[in-house]
Amino acid sequence: MASLPPARPEFVRDAALAEEFGVVQQPLTPWDRIRNSAFARKTAILVVLAALWQAYAMHLGNPLVLPTFTATVHALIDRTVNGELLARAGTSLKVLLEGYAIGLVAAFGFTVLAMTTRLGNDLLETLTAMLNPLPAIALLPLALVWLGLGNPSIIFVLVHAVMWPIALNTHSGFQAVSNTLRMVGRNYGLRGPAYIMKILVPAAFPSILAGLKVGWAFAWRTLIAAELVFGTTSGSGGLGWFIYENKNLLDIPAVFAGLFTVIIIGLLVESLVFRTIERRTIRKWGMQN
Amino acid sequence: MSSSPVPLLSVSGVTLQYKTLQHRVTATYRVSFDILSADRFVLLGPSGCGKSTLLKAVGGYITPVEGEIRLKGQRVVKPGPDRVMVFQEFDQLLPWKTVRQNVVFALEASGRLRGKAADERAMAYIEKVNLARFADALPHTLSGGMKQRVAIARGMAMESDILLMDEPFAALDALTRRKMQDELLQLWEDTRFTVLFVTHSIPEAVRIGNRILLLSPHPGQVKAELNSDGTDPVDMRSGQRLSDRIHGMLFDDSEAVAGAVHG
Numbered sequence: 117m118a119s120l121p122p123a124r125p126e127f128v129r130d131a132a133l134a135e136e137f138g139v140v141q142q143p144l145t146p147w148d149r150i151r152n153s154a155f156a157r158k159t160a161i162l163v164v165l166a167a168l169w170q171a172y173a174m175h176l177g178n179p180l181v182l183p184t185f186t187a188t189v190h191a192l193i194d195r196t197v198n199g200e201l202l203a204r205a206g207t208s209l210k211v212l213l214e215g216y217a218i219g220l221v222a223a224f225g226f227t228v229l230a231m232t233t234r235l236g237n238d239l240l241e242t243l244t245a246m247l248n249p250l251p252a253i254a255l256l257p258l259a260l261v262w263l264g265l266g267n268p269s270i271i272f273v274l275v276h277a278v279m280w281p282i283a284l285n286t287h288s289g290f291q292a293v294s295n296t297l298r299m300v301g302r303n304y305g306l307r308g309p310a311y312i313m314k315i316l317v318p319a320a321f322p323s324i325l326a327g328l329k330v331g332w333a334f335a336w337r338t339l340i341a342a343e344l345v346f347g348t349t350s351g352s353g354g355l356g357w358f359i360y361e362n363k364n365l366l367d368i369p370a371v372f373a374g375l376f377t378v379i380i381i382g383l384l385v386e387s388l389v390f391r392t393i394e395r396r397t398i399r400k401w402g403m404q405n
Numbered sequence: 577m578s579s580s581p582v583p584l585l586s587v588s589g590v591t592l593q594y595k596t597l598q599h600r601v602t603a604t605y606r607v608s609f610d611i612l613s614a615d616r617f618v619l620l621g622p623s624g625c626g627k628s629t630l631l632k633a634v635g636g637y638i639t640p641v642e643g644e645i646r647l648k649g650q651r652v653v654k655p656g657p658d659r660v661m662v663f664q665e666f667d668q669l670l671p672w673k674t675v676r677q678n679v680v681f682a683l684e685a686s687g688r689l690r691g692k693a694a695d696e697r698a699m700a701y702i703e704k705v706n707l708a709r710f711a712d713a714l715p716h717t718l719s720g721g722m723k724q725r726v727a728i729a730r731g732m733a734m735e736s737d738i739l740l741m742d743e744p745f746a747a748l749d750a751l752t753r754r755k756m757q758d759e760l761l762q763l764w765e766d767t768r769f770t771v772l773f774v775t776h777s778i779p780e781a782v783r784i785g786n787r788i789l790l791l792s793p794h795p796g797q798v799k800a801e802l803n804s805d806g807t808d809p810v811d812m813r814s815g816q817r818l819s820d821r822i823h824g825m826l827f828d829d830s831e832a833v834a835g836a837v838h839g
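The listed protein sequences derive, respectively, from chains R and E. Going by our numbering, the first sequence runs without a break in its numbering and finishes at 405. Going by our numbering, the second sequence runs without a break in its numbering and finishes at 839.
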């Protein structure tokens, strides 16, 4: 059997004064701060990739297969300065925004229907299960038969690409809203549209925003692919068509410049639009860290 | 006995049931009680006595299968701003609104007040719970106790007929809980609101309530209705403290005594 611990005297102490601590806070060195910046680290990765590309392309010496990084940048600057790339990107973005907006509204309508009736819920679940895995571009041949060559076909495909991921995310976001918040909303007499807009939408905003992002990425990919397949409408095509045209002309640096533009627009929208929304909403509200 | 006064809230013969995937469960069986204006009425009982379900029924979220609930003579059929709930969960505040906006939201959504009037009323109650300095803070920057104070301010700002509190201090640490109980009593001294308070803590019931309804579990049935003056007095006849008497009544027919009491 263990014996009892020995008796020890009690004591009470005052906290140490601030002067006795010495350093409590010390600024980081500039080098530490650079290494802590995600932007700096990612820039470094890009620089290394560009250098590898340049070295391999120069070693290969065949601009028809792989132009050098500098030649691509050159083509990018030339085509931007003469306005061609901007016009093409503008054409693409206009169609894209149209499709995105229609898809967004349709998704929201579907989700509200699913929240208000059980049949609507079953409808949404069945449709998303069936149609979400279907690549939107696979519908393009059908769209061409139904709507003819032209923007309506592309928009049809875009709406399909945007609607299901947004509806799926919004719906699961609505369903995840805590019971307490729902009861609070109803306690203060909110019903119908006011309840959805004032309680469900903001409470589900992290999921909705995730859906908007996925929808945006799907739309962008689908658009470029659709333009590659049948490209131009009324003379001036978008970025996909630009890539296709320049491949036919064997202007490979311009092909790369087109791809670059697709990437740059994607990055800009992600970092300017979605990050800003994220910072001003769900991060500020403490719903995401 | 004088003639009985008109109750503010009357619960008569209320049986509540809820369905799980496999079963239909009876949460309370023919529970009756009356709450008078300015009562601090406590529903006390162990887990499974249906006290929270009962509170939700008074809130209008659950319809009784038998009996009825009347507020000022009007039958309760749905949730409404005349019965404001304060929940246990910290996420009852809207995280996208500041402290002040949360209170204003309640006033405006329910149509009580608009614009400047709503803002002034909101600030008055935020000051009452000593959070004026945090009026423009977002909920996620506040501690648990502060969040509950905001919820109480929001409920009180509505100046509704009755405040329904569902174990509002249960998720707080013991020191904060004690402090919040004192603050609630102080607020009651100031404005004499009517509150229906649910708890599973005997010391809390004895401190907060002026009238305590004891419920026995599975299903919840009324066991006793006792008076309390907040001091946990010794009863002349039995020689027991009120809290010991309650403890005896709640646990005489069950073995689960340990761990059920905390203050």
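Here a beta-carbon is modelled for each residue, glycine too, at the ideal position from N, C-alpha and C.
Own chain partners of residue i with C-beta closer than 7 Å, once the 5 adjacent residues on each side are dropped
i	result
E/V680	A694, D695, A698
E/M825	L790, K799, A800
E/K723	F666, L669, P715
E/K627	L619, G621, V774, L791, G796
Residues near residue i in its chain [Cβ-Cβ closer than 6 Å; skip 5 each side]
i	result
E/F773	V618, M741, I784
R/F358	R204, G374
E/E801	L789
E/S830	Low local confidence applies: a pLDDT of 48 at E/S830 is under 50, so the model's placement there is unreliable, and no value is given.
R/L192	A373, F376
E/K692	none
R/L260	S269
R/A132	none
R/E214	I271
E/R817	D808, V810
R/A341	I253
R/Y216	V278, A335
Contacts around residue i, its chain only, beta-carbon distance under 8 Å, and the 5 residues preceding and following it disregarded
i	result
R/A254	none
R/E394	L325, Q404
R/S350	Low local confidence applies: a pLDDT of 47 at R/S350 is under 50, so the model's placement there is unreliable, and no value is given.
E/M577	Its pLDDT being 46, under 50, E/M577 is placed unreliably in this model, and the value from its coordinates should be taken loosely. Answer for E/M577: no residue qualifies.
R/I150	A156
R/E200	F358
Top-ranked residue by Cα proximity to residue i, from the options
i	options	result
R/R399	R/R302, R/A319, R/I368, R/L144	R/A319
E/K595	E/V587, E/I638, E/G824	E/I638
E/E703	E/L669, E/M732, E/Q797, E/D820	E/M732
R/L408	R/F127, R/L220, R/N362, R/G215	Outside the shown range of chain R (117 to 405) lies residue 408 of chain R, about which nothing can therefore be said.
R/N237	R/V221, R/F272, R/F290	R/F290
E/V653	E/S814, E/V587, E/R821	E/V587
R/L383	R/F155, R/L144, R/P125, R/P121	R/F155
R/G356	R/L388, R/G206, R/R302	R/G206
Neighbouring residues, chain E, relative to residue i (Cβ below 9 Å)
i	result
R/G402	P671, L714, P715, H716, T717
R/R399	In chain order: nothing, as chain E lies at least about 10 Å away.
R/P318	L670, P671, W672, K673
Expected contact under 8 Å - CB spacing of residue i and residue j to nearest Å
i	j	result
E/F666	E/A747	7 Å
E/D615	E/T674	Actually they do not touch by this definition, with Cβ atoms about 33 Å apart.
R/N285	R/G327	3 Å
R/L240	R/H175	Actually they are not in contact, since the Cβ atoms of R/L240 and R/H175 sit about 54 Å apart, beyond 8 Å.
8 Å Cβ cutoff met for residue i and residue j
i	j	result
R/G331	R/V278	yes
E/D758	E/V782	no
E/G721	E/M756	yes
E/A633	R/Y304	no
E/M734	R/M299	no
E/F710	E/L739	no
E/R688	E/P655	no
E/S613	E/L584	yes
E/V705	E/R676	no
Neighbouring residues, chain R, relative to residue i (Cβ below 7 Å)
i	result
E/E735	Residues of chain R passing the Cβ test: none, with the nearest at roughly 13 Å.
E/M661	M299, N303
E/D667	S294, T296, L297
E/Y637	M299
Chain-ordered neighbours of residue i on chain E, where CB pairs are closer than 8 Å
i	result
R/G305	P655, G656, P657, A685, S686, G687
Within chain E, the residues that residue i reaches when beta carbons sit closer than 7 Å
i	result
R/K314	A685
Beta-carbon neighbours of residue i, restricted to chain R and to distances below 9 Å
i	result
E/A698	None at all; the shortest Cβ gap to chain R is about 13 Å.
E/A682	V300, N303, Y304
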